[in-house]
Structures are given as C-alpha cells and as structure tokens.
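Residue numbering for the sequence shown follows numbering that gives the first Met the number 0, beginning at 0 and increasing consecutively.
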Amino acid sequence: MNMASVFQVPAVFFNQNNGYAISVPIEKQMNSKTVAQKSVAYGIPGVRVDGNDIFAVYFQTKEALERARNGEGPTLIEAVTWRYGAHTTADDPTKYRNQADSDQIRQTRDPLMRLERYMKNEGLWDEEWTKQIQEEITEEVERAIREVESYPKPKVDDLFDHVFETPTWTIAKQKEEYFQLLGGEAKWR
Numbered sequence: 000m001n002m003a004s005v006f007q008v009p010a011v012f013f014n015q016n017n018g019y020a021i022s023v024p025i026e027k028q029m030n031s032k033t034v035a036q037k038s039v040a041y042g043i044p045g046v047r048v049d050g051n052d053i054f055a056v057y058f059q060t061k062e063a064l065e066r067a068r069n070g071e072g073p074t075l076i077e078a079v080t081w082r083y084g085a086h087t088t089a090d091d092p093t094k095y096r097n098q099a100d101s102d103q104i105r106q107t108r109d110p111l112m113r114l115e116r117y118m119k120n121e122g123l124w125d126e127e128w129t130k131q132i133q134e135e136i137t138e139e140v141e142r143a144i145r146e147v148e149s150y151p152k153p154k155v156d157d158l159f160d161h162v163f164e165t166p167t168w169t170i171a172k173q174k175e176e177y178f179q180l181l182g183g184e185a186k187w188r
C-alpha cells in the first residue's frame, strides 16, 4: 500500500475481513480497531463496509475503481463478513468460536438470503426463473462430475516425475521413500 500510495497507482486493495486468520481472532493480530483505518498511514482513502451487503460492496468498489481509473490513486476497502465454515480442511472452527453464532448470522446476514428477501419485498423475484436456473446449474454440476469421474486415475509417479526434466537426488529419494511407504518400488520412466 505504501508503494501504491507513493506512486499513486490505480489499485484497489480489497480486504475480506471475516474476523479470523485461520483460527486467530483479529483482536490478537492487531491493536487498531479496523483494517480500513490503516489507510490513513499511507495517505489513501479507506472505507469499511458491511461485506454481507451486496449493494454496499458493489457501490464502494465501483467508487474505488472510478478513482483508480481517473488517476486518483489507490483505495483500501475493508469488507466485514463472516466465514461460516472451516478455513481449510485441517481447521476446526468449533475449537475457537461458537458455531451457533454462525447459524444465527447465516439466517440474518447471509448476502444471498438478504438479496433474495430484498428482491421479494420489491417485487423483483421471479420464482419460475429461479427454479429454471437451479435446474440448469444442477445439470451443469452433475455433468462436470460425470466428466471428471470418467478421467483415468492419476499415477502416483506423476507427483515426482514432472517436477524437473531430470529428477534431482532429493526428488529421487523422496519418491523411493514414498513408494517404500506404499509397499512398492519407485521406478523412473
């Protein structure tokens, strides 16, 4: 952000703040109240928006892009949101936060549900169109799954054989150890 500010580059820094870095709450990572306020140190505009409000995110991003395109330099946007599930497959959010909160937030602040409620309240929701789109998406996903499942099974050798044109001794050793672990023998092709 400092370089972008100094050179007034046409950049938009978009921070999706879900309150955690994997399992560490933001309060343990920084002493400032918001990410957006960090823009002050760089002399660039910074804004904090409700990241679950599609319209707020759209209009703030549009404004920041217009600034960038007009040669007015970078902007920092902090979109405050919530991560419903795990950060990774190795993460267990039940160890560091109450999942009942997640369920409650999904019911009240989920961006798609909020947009649907808004459209229904404004008479913009078309139930027939929604069903048609859902059917098309379901078929597209099922078709993609069938296609992927028809691919031949990958060979374990591929994990090692295509790292370098000629395997290094470290790759050869790793391959040999891995195949011994699997109960077989590594063979270079």
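Idealized CB from N, CA, C, for every residue including glycine.
Are the stretch 94-101 and the stretch 150-162 touching, with three or more C-beta to C-beta distances below 8 Å?
Under the 8 Å Cβ criterion, the stretch 94-101 does not count as touching the stretch 150-162, having fewer than three qualifying pairs.
Around the C-beta of Glu139, are 16 or more other C-beta atoms found within 10 angstroms, so that it is buried, or is it exposed?
exposed
Pick out the complete alpha helix (DSSP H) segments inside the stretch 16-62, 4 residues or longer, and give them in chain order.
38-41
If we call anything under 9 Å between Cβ atoms a contact, is Arg113 one with Asn51?
yes
Is DSSP giving Ala67 helix, strand or coil here?
helix
Just the Cα atoms here: how many angstroms apart are Val56 and Lys37?
19 Å
Count the other CB atoms within 10 Å of the CB of Thr189; is the residue buried (16 or more) or exposed (fewer)?
Any question about residue 189 goes unanswered here, given that the chain covers just 0 to 188.
What does the alpha-carbon distance come out to for the pair Glu135 and Thr169?
So the two alpha carbons sit approximately 48 Å from each other.
What is the DSSP secondary structure of Leu181, reduced to helix, strand or coil?
helix
In this structure, how does DSSP classify Asn14 when only helix, strand and coil are distinguished?
In the structure shown, Asn14 sits in a strand (DSSP, three-state: E or B).
From which residue to which residue does the beta strand (DSSP E) around Thr74 run?
Thr74 to Val79 is the extent of the beta strand (DSSP E) around Thr74.
Quick check on Arg145: does DSSP put it in helix, strand or coil?
helix
Mark Met2 as exposed unless 16 or more other C-beta atoms lie within 10 angstroms of its C-beta, in which case mark it buried.
exposed
Extract the residue ranges of the alpha helix (DSSP H) inside the stretch 110-175, only unbroken runs of 4 or more that lie entirely within it.
110-120, 126-148 and 157-160
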